[in-house]
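> 98 is the number of the first residue of the sequence shown in the working numbering; add one for each residue after it. Glycine is no exception: its CB is placed at the ideal position from the N, C-alpha and C atoms. Nothing here was measured: the structure is a model prediction, and the numbers come from that model. The structure that follows is given in the form of structure tokens.
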Amino acid sequence: MDMLKQAILQKGVVLSDGVLKVDSFLNHQIDPILQVEIGSEFANRFEKNEITKILTIESSGIAPALTTAIKLNVPVVFARKKKSLTLSSNLLTAKVYSFTKNETNEITVSRDFIVEGDKVLIIDDFLANGEAALGLASLVEQTKATVSGIGIVIEKSFQPGRKKLEGAGYRVESLARIASLENNTVRFVEELIV
Ligand code: G4P
Ligand code: NA
Ligand code: NA
């Protein structure tokens, strides 16, 4: 996705060999035009899958999930990281370990919104170790709904997330795949193909 790659190259900040800061257009300030393009691209890639629902996790997954949901004309549900005051029973839960934060959080979604027959597209902003996406998939697997695929805005291909998700049998579509952040430089996976 050219517009996304341009934004990463022009506005992304390499914080270390492992971390890319994209606060100016994705994770804090949000570029709405780019998000609409992201939604169109995910919708194109999954248009034949008869998706009935988008599942993401708060907070940075919500924007691309919403633009995708508008294109596919389906609802979007976001998993919560903190228990909601009004959302207390009838919950699906999964434990998500964060390597970056070295802590385990419980994510939750109401059973009312992932139901039998749902074909769920999981969307998230980053794929690193894959723990968040696996947690989301686990929520779906606990019901009679199906995971139809996983859409990722930025994949860090040098981390094990994609391998774990594919190993679990899921189709992964990432709009930007980063091969390396070494030497303060973003290199995309495609650039390595000769
Ligand atoms: P994992 O789910 O793939 O295992 O990821 P990990 O625990 O390593 O990541 C924890 C948080 O850090 C997630 O956001 C994830 O999106 C984000 N993250 C991981 N690598 C990068 C990176 O290189 N750059 C940026 N900007 N974010 C990264 P979160 O805590 O759930 O936050 P948010 O969705 O509320 O923004
Ligand atoms: Na996220
Ligand atoms: Na994030």
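Run the CB neighbour count on I130, radius 10 Å, all protein chains shown included, and call it buried at 16 or more, exposed below.
Counting from 1 along the sequence shown, the entry for residue 130 is found at position 33. Label assigned to I130: exposed.
> The alpha helix (DSSP H) with T149 in it runs from where to where?
Within the sequence shown, residue 149 is the residue found at index 52, counting from 1. Counting along the chain, T149 falls outside any alpha helix (DSSP H), and DSSP gives it neither H nor E.
> Residue range of the alpha helix (DSSP H) that K261 falls in?
Stepping through the sequence shown from its first residue, residue 261 is reached at position 164. Start and end: 258-264.
> Quick check: F196 and N170, are their CB atoms within less than 8 angstroms of each other?
As a first step, residue 196 is located in the sequence shown; it is residue number 99 there, counting from the start. As a first step, residue 170 is located in the sequence shown; it is residue number 73 there, counting from the start. Not closer than 8 angstroms, so no.
> Between T197 and ligand 1, is there a pair consisting of the residue's CB and a ligand heavy atom that are separated by less than 7 angstroms?
Locating residue 197 in the sequence shown gives position 100, counting from the first residue. Yes, the Cβ of T197 comes within 7 angstroms of a heavy atom of ligand 1.
> In or out: P161 buried (at least 16 other Cβ within 10 Å) or exposed?
Here the question's residue 161 lines up with position 64 in the sequence shown. Answer is buried; the Cβ neighbour count reaches 16.
> The alpha helix (DSSP H) that contains K145, what's its start and end?
Position 48 of the sequence shown, counted from the first residue, corresponds to residue 145. Careful: K145 lies outside any alpha helix (DSSP H) and carries neither H nor E.
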